[in-house]
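Everything on this sheet refers to the single structure shown next.
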């Protein structure tokens with residue numbers, strides 16, 4: 001199956017990135033899977049920001065929840081993390097890609113495109129005198145993902161291929177040039193199919209699932225998704241996150257939901273217990289009958305309902321993800 005797209009306006013990239021871009025822009029090949037299909041989706045909802053300069057990794061270390069120095073020690077490599085506000089609430093969830101294997105000075109950042117402009121403003125606000133250049137390279141790259149099949153990232157003959165670091169066996173992410181043509185033996189599906197798969201597993205991603213300024217990182221299962229390091233130094237929003245981890249009890253978490261039938265339900269609609277009408281949590285988003293909600297763990301096994309926009313009462317079943325650590329519930 002073949003697709004084509006046009007290049008956007010020119011953006012200056014390092015020679016390393018131009019080489020990787022040229023290698024990846026024409027052909028997509030999996031040596032291990034050439035005789036069997038694998039599922040691919042282009043994530044139109046994602047954008048790419050490039051940080052480059054001698055202070056890049058030290059700069060990021062003070063902004064995000066994970067230990068970026070671990071990312072710097074291996075190339076190519078990826079890391080999942082979140083950027084918080086000063087109150088310790090989630091602004092954006094991010095994928096960091098270390099692609100500068102020689103000089104350790106460049107990171108590509110994969111972020112929800114609706115938050116791209118605000119994130120660029122934040123990066124420039126916190127840059128101060130640090131030697132870091134912030135560049136929007138979304139017109140050069142597209143994010144693709146492989147999911148719903150257990151294929152190693154090493155199987156793909158591409159330079160910017162990364163194992164998704166959040167959940168074991170979830171899949172791979174690819175940073176590809178915009179005019180990829182040959183997708184090999186891939187079964188190309190829509191981003192909605194990818195989102196539905198995420199929801200079945202209980203994995204949030206982007207501003208629809210994690211409304212900026214409204215979510216707490218540990219309630220969003222950041223620690224379960226390898227997105228936070230509690231031994232690193234200070235970063236924005238660290239105090240509340242560390243205190244919650246070391247002394248607090250997490251009573252609510254994002255969980256996968258299955259609806260009785262597809263329905264239009266507004267984000268933050270209250271989910272209630274069917275028997276007594278107690279507030280059990282908040283609805284986030286859904287594709288078809290699969291969705292996410294922020295639920296009180298005490299009500300996970302209760303019969304639940306939520307009201308749709310048209311007034312219909314929809315029964316909801318909450319599930320416990322099999323990738324959660326044992327004993328959480």
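In the UniProt record's numbering, the protein residues as written are 1 to 329.
Just so it is clear, CB atoms sit at the ideal spot from N, CA and C, and this is done for glycine as well.
Remember, predicted model here, so these are calculated numbers, not experimental data.
Name the two residues that bound the continuous alpha helix (DSSP H) containing residue i.
i	result
residue 160	Residue 160 -> no alpha helix (DSSP H), and no H or E assigned at all.
residue 39	Segment 38 to 42 is the beta strand (DSSP E) holding residue 39; no alpha helix (DSSP H) there.
residue 123	116 to 127
Would you kindly report the start and end of the unbroken beta strand (DSSP E) that includes residue i?
i	result
residue 98	90 to 98
residue 112	106 to 112
residue 176	171 to 177
residue 147	141 to 147
residue 79	77 to 84
residue 335	Residue 335 falls outside the range modelled here, since the chain spans only 1 to 329, and no answer is possible.
Is DSSP giving residue i helix, strand or coil here?
i	result
residue 322	coil
residue 68	helix
residue 46	strand
residue 188	strand
residue 73	coil
residue 63	coil
residue 201	helix
residue 240	helix
How many Å lie between residue i and residue j at the Cα?
i	j	result
residue 313	residue 267	15 Å
residue 30	residue 40	With a pLDDT of 45 at residue 30, under the threshold of 50, the predicted position of this residue should be treated as unreliable, though the coordinate-derived value follows. Cα to Cα, residue 30 sits roughly 12 Å from residue 40.
residue 244	residue 327	18 Å
residue 23	residue 179	In this predicted model, residue 23 has a pLDDT of only 31, less than 50, meaning its place in the structure is not dependable; the value taken from the coordinates is given anyway. If you take the alpha carbons of residue 23 and residue 179, they lie about 11 Å apart.
residue 248	residue 300	20 Å
residue 72	residue 227	15 Å
residue 216	residue 240	9 Å
residue 230	residue 121	27 Å
residue 26	residue 253	With a pLDDT of only 46 at residue 26, under 50, the local geometry of the prediction cannot be trusted, and the value read off the model is given with reservation. Going by the C-alpha atoms only, they are around 42 Å apart.
residue 250	residue 208	22 Å
residue 191	residue 53	33 Å
residue 259	residue 55	47 Å
residue 311	residue 206	27 Å
residue 188	residue 136	27 Å
residue 70	residue 242	19 Å
residue 117	residue 138	11 Å
residue 263	residue 308	6 Å
residue 99	residue 106	7 Å
residue 82	residue 211	12 Å
residue 79	residue 275	43 Å
residue 1	residue 194	Unreliable positioning characterises residue 1 in this predicted model, as indicated by a pLDDT of 32, which lies under 50. The coordinate reading is nonetheless provided below. If you take the alpha carbons of residue 1 and residue 194, they lie about 18 Å apart.
residue 127	residue 303	49 Å
residue 234	residue 74	22 Å
residue 14	residue 97	Low confidence applies to residue 14: its pLDDT is 37, below 50, so where it sits in the model is not reliable, and the reading given next is rough at best. Taking the straight line joining both Cα atoms gives about 14 Å.
residue 246	residue 218	12 Å
residue 102	residue 257	45 Å
residue 104	residue 202	34 Å
residue 161	residue 42	14 Å
Would the stretch 189 to 200 and the stretch 284 to 304 be scored as touching if the rule is three or more Cβ pairs under 8 Å? They touch, by the three-pair rule.
At which residue ranges does the stretch 248 to 312 contain complete beta strand (DSSP E) runs of 3 or more residues, listed in the order of the chain? 252 to 259, 270 to 273, 279 to 287, 290 to 296, 304 to 307
For the stretch 268 to 285 against the stretch 296 to 315, do three or more pairs of beta-carbon atoms, one drawn from each stretch, fall closer than 8 Å, so that the two count as touching? Between the stretch 268 to 285 and the stretch 296 to 315, the count of Cβ pairs shorter than 8 Å is three or higher; the stretches touch.
Given 8 Å, three or more beta-carbon pairs between the stretch 258 to 273 and the stretch 74 to 93: no
Pair every Cβ in the stretch 39 to 53 with every Cβ in the stretch 102 to 114, then say whether three or more of these pairs are closer than 8 Å. Between the stretch 39 to 53 and the stretch 102 to 114, the count of C-beta pairs closer than 8 Å reaches three or more; the two stretches touch.
Evaluate contact between the stretch 53 to 69 and the stretch 125 to 142, counting only Cβ atoms and requiring at least three cross-stretch pairs below 8 Å. yes
Any contact of the stretch 163 to 174 with the stretch 133 to 147, i.e. 3+ C-beta pairs under 8 Å? At 8 Å Cβ cutoff, the stretches touch.
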